[in-house]
Each structure stands twice: as C-alpha cells, then as structure tokens.
Amino acid sequence: MRVGVELVSALVVAVAIGWGLDHWLHTLPLFLIISVVLGGAAGVLNVWRLVGPAPRS
Amino acid sequence: MPQTGLDQGTGNVAAAATHTGAPTIDALGQFVLAPVPFIGSAVNFTQSNLLMVIGSAMVLWLLYAGSKPRAVVPGRLQAAAELSYDFIYRMAVDQIGPEGKRYFPFIFTLFFFVLMGNLLGLVPFSFTYTSHIAVTAALAVLVIVIVTVVALIEHGWHFFSYFFPAGAPKFLAPLIIPIEVISYLSRPVSLSIRLFANMVAGHVMFAVFATFVVMMGSAGVLGIAAAIGPLLVNVVLMGFELLVAALQAYVFAILTCIYLHDAVHLH
Chain A
1 MRVGVELVSA LVVAVAIGWG LDHWLHTLPL FLIISVVLGG AAGVLNVWRL
51 VGPAPRS
Chain B
58 MPQTGLDQGT GNVAAAATHT GAPTIDALGQ FVLAPVPFIG SAVNFTQSNL
108 LMVIGSAMVL WLLYAGSKPR AVVPGRLQAA AELSYDFIYR MAVDQIGPEG
158 KRYFPFIFTL FFFVLMGNLL GLVPFSFTYT SHIAVTAALA VLVIVIVTVV
208 ALIEHGWHFF SYFFPAGAPK FLAPLIIPIE VISYLSRPVS LSIRLFANMV
258 AGHVMFAVFA TFVVMMGSAG VLGIAAAIGP LLVNVVLMGF ELLVAALQAY
308 VFAILTCIYL HDAVHLH
C-alpha cells in the first residue's frame, strides 16, 4: 500500500507538472513525455528511500 | 387493451418498487456531506465540521482534565494525558533531534486531529472527516508548506542544495534536480492519499459486509444462518480498523517528523 502510493503519487505530480508546462507553452506532447520518464524515476527514488538502506548520517 | 396496458404499467412500477426496496450495496453514500440541522445550511457547516469540532474539543478536554489533578501518582485520565504527551514528545525528539522540541506542538496537534478523525469515524452514525481528500490534502499541504518555510528560515538559499546531493557528477544535474523536485513535491500527494485511501477502504468494507448481512438476512432462515459470516467479518474488521486508525495517525505524524528532520538538517 505504502509503496504503491509512493510510486503513483510521484507520477501524478510529474504528469501534472508536464501537462501544465505543455498547456502553458503550447508544446503538448513534449514536456508530458519528459515528465512521465522523470516521474517514474522519482517514484522509484521514493520507493528506494522507503525500503532501501538507511542513509548514513 | 388500454386496461391491460395500465395493469402492466402498475405491475412494472410495483416490480420496480420492490426492486429498489431490496437492499443494494451503497458503499459510498456514507461519505456524502450534509449540513447540520438548524445552524448548518447557511454557512455550510456539515457533519464533517461538527466532528472536527467534537474531536478537537475532546483532545482539549483530555489535556485539561488530565493536567488538572497534578497527582504524583497519576490517575487514569492523567496517565492518558501524560502518555500521549510523552509519546509525541519522544517521537519528535527522536526523529528530529533536540530541535524537535520547537515543532512538538505542531506534531501533537496534527497527530491528535488525525487520530480523532479516524477514531470518531468508527463510532456508528458518525462521520470520518479524514475520509475526504479535501481534508487530508489540506493537512498535507499545511505540512509541506511549514516544512519548506522551516527549511528556508534555517538554511536560506542553501536549502536548494537539498535537490542536488553532494558528490554527484555535475553533468547529471539536469536529470537529478527535476527528479528530486518531483520527489519532494510528491510528498504531500502521497501523504494525503495514504490517509484518505486507508479510511475510505475501511469504511467501504464495513458498508459492503453490513449490506451482505441485510441481504442474506432477508433471504429466509438459511440466509439468516449464513448472515452470521459477514457479521463476524465486520466484528473482526472493527478491531482491524481501530489498528488502522491509530497506525495511520502515527504514520502521518512520523512522516511529518521525518520531513521536518530533512528540513532542519538537510539530509
């Protein structure tokens, strides 16, 4: 449940940003495609922070 | 001919009436907002707001009544108040560090507001205000704004180095920074969706199994015997939901602590 939410929420935010940028700059598929890739990466990063080893500090 | 047509019509209406009269699964009707009678409709004061007021009043009462006796050996009420204070205080200090004392009132308020929402929602005929994404999203946005403001006050412009981990190769910056920014912005989304989804899922399950009881119970003697199954499921579910209510409030509070830790220490 937690992992899924982390993964999806990053993607939701990224798609919102990408679509907003496209809507603003009239470049519809461009930023959406970029941000979907980045959002997927951010989701994996979120999950890694959740289940990965604790950061040294 | 018209006579039979009329008969058929009334027959259809009767059939439709019995059809709608039979219980159908209406799992989402419990989340509909309704203004409180007498005072509610003019200012849109709904049962959700009423439960928020009741929950906050109960926490205030617990702290007031719990701190009044000032006994050396605490009674039950005082012990409850001291335990709740101690629990959040230790959570704040453990997670954030010695600076956590400053944010203790915020975390305490947040935890008990969410906890009261989750627990009061389990009272029959009550309403779960944390089952609305508007409420949880407002709380999550409040958290993220406060965390960002704290980080900006503590570190100034240096805060933006948070989005680029030290030691990473410079040419990866255009890739890493957007990913870190998206990851940061996804925090309020995941924070609000987690709480809201847990509450909605639990209460939908209650409604579905409760409707099963009614549906099977209306299907004769055998049905009544079989209806004990979903009834038992609901009893077990109530215990499980008590766990989820406390756990989700705890998760909300501890994630706020972790975000505040990041804001105070940057990593």
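The listed protein sequences derive, respectively, from chains A and B.
The opening position of the first sequence corresponds to residue 1 in the working numbering, with each subsequent residue numbered one higher.
The opening position of the second sequence corresponds to residue 58 in the working numbering, with each subsequent residue numbered one higher.
The beta-carbon is built from N, C-alpha and C at its ideal position, and this holds for glycine as well.
Verify whether the separation of the beta carbon atoms of residue i and residue j is less than 8 Å.
i, j, result
"residue 294 of chain B", "residue 266 of chain B", "yes"
"residue 46 of chain B", "residue 234 of chain B", "The question about residue 46 of chain B has no answer, for chain B in this structure spans 58 to 324."
"residue 320 of chain B", "residue 208 of chain B", "yes"
"residue 179 of chain B", "residue 302 of chain B", "yes"
"residue 13 of chain A", "residue 239 of chain B", "yes"
"residue 244 of chain B", "residue 210 of chain B", "no"
"residue 252 of chain B", "residue 187 of chain B", "yes"
"residue 50 of chain A", "residue 8 of chain A", "no"
"residue 15 of chain A", "residue 39 of chain A", "yes"
"residue 286 of chain B", "residue 280 of chain B", "no"
"residue 32 of chain A", "residue 48 of chain A", "no"
"residue 327 of chain B", "residue 116 of chain B", "Because chain B in this structure spans residues 58 to 324, residue 327 of chain B falls outside the shown range and cannot be described."
"residue 189 of chain B", "residue 98 of chain B", "no"
Which residue's Cα is closest to the Cα of residue i: the options?
i, options, result
"residue 248 of chain B", "B/288, B/139, B/112 and B/195", "B/195"
"residue 143 of chain B", "B/125, B/262, B/162 and B/281", "B/162"
"residue 165 of chain B", "B/188, B/308, B/319 and B/323", "B/308"
"residue 86 of chain B", "B/185, B/147 and B/111", "B/185"
"residue 113 of chain B", "B/205, B/175 and B/220", "B/175"
"residue 318 of chain B", "B/138, B/137, B/98 and B/150", "B/150"
"residue 145 of chain B", "B/160, B/132 and B/223", "B/160"
"residue 296 of chain B", "B/271, B/263 and B/273", "B/263"
"residue 203 of chain B", "B/91, B/314, B/237 and B/99", "B/314"
"residue 246 of chain B", "B/322, B/198 and B/89", "B/198"
"residue 298 of chain B", "B/282, B/169 and B/258", "B/258"
"residue 241 of chain B", "B/134, B/316 and B/305", "B/316"
Assign residue i to one of two classes, buried (16 or more other C-beta atoms within 10 Å of its C-beta) or exposed (fewer than that).
i, result
"residue 171 of chain B", "buried"
"residue 255 of chain B", "buried"
"residue 25 of chain A", "exposed"
"residue 121 of chain B", "exposed"
"residue 276 of chain B", "exposed"
"residue 11 of chain A", "buried"
"residue 64 of chain B", "Because the pLDDT of residue 64 of chain B is 40, which lies under 50, any placement of that residue in the model is unreliable, and the question is left without a value."
"residue 192 of chain B", "buried"
"residue 138 of chain B", "buried"
"residue 155 of chain B", "exposed"
"residue 228 of chain B", "exposed"
"residue 260 of chain B", "buried"
"residue 182 of chain B", "exposed"
"residue 95 of chain B", "exposed"
"residue 230 of chain B", "exposed"
"residue 46 of chain A", "buried"
According to DSSP, is residue i helix, strand or coil?
i, result
"residue 103 of chain B", "strand"
"residue 29 of chain A", "helix"
"residue 235 of chain B", "helix"
"residue 181 of chain B", "coil"
"residue 92 of chain B", "strand"
"residue 301 of chain B", "helix"
"residue 156 of chain B", "coil"
"residue 52 of chain A", "coil"
"residue 123 of chain B", "helix"
"residue 172 of chain B", "helix"
"residue 347 of chain B", "This structure gives no information on residue 347 of chain B, because the portion of chain B shown stretches from 58 to 324."
"residue 317 of chain B", "helix"
"residue 189 of chain B", "coil"
"residue 198 of chain B", "helix"
"residue 275 of chain B", "coil"
"residue 82 of chain B", "coil"
"residue 7 of chain A", "helix"
"residue 323 of chain B", "coil"
"residue 306 of chain B", "helix"
Please confirm if residue i has its CB atom under 8 Å from at least one CB of chain A.
i, result
"residue 242 of chain B", "yes"
"residue 155 of chain B", "no"
"residue 246 of chain B", "yes"
"residue 250 of chain B", "yes"
"residue 235 of chain B", "yes"
"residue 201 of chain B", "no"
"residue 285 of chain B", "no"
"residue 239 of chain B", "yes"
Any beta-carbon of chain B closer than 8 Å to the one on residue i?
i, result
"residue 39 of chain A", "yes"
"residue 12 of chain A", "yes"
"residue 5 of chain A", "yes"
"residue 33 of chain A", "no"
"residue 42 of chain A", "yes"
"residue 45 of chain A", "yes"
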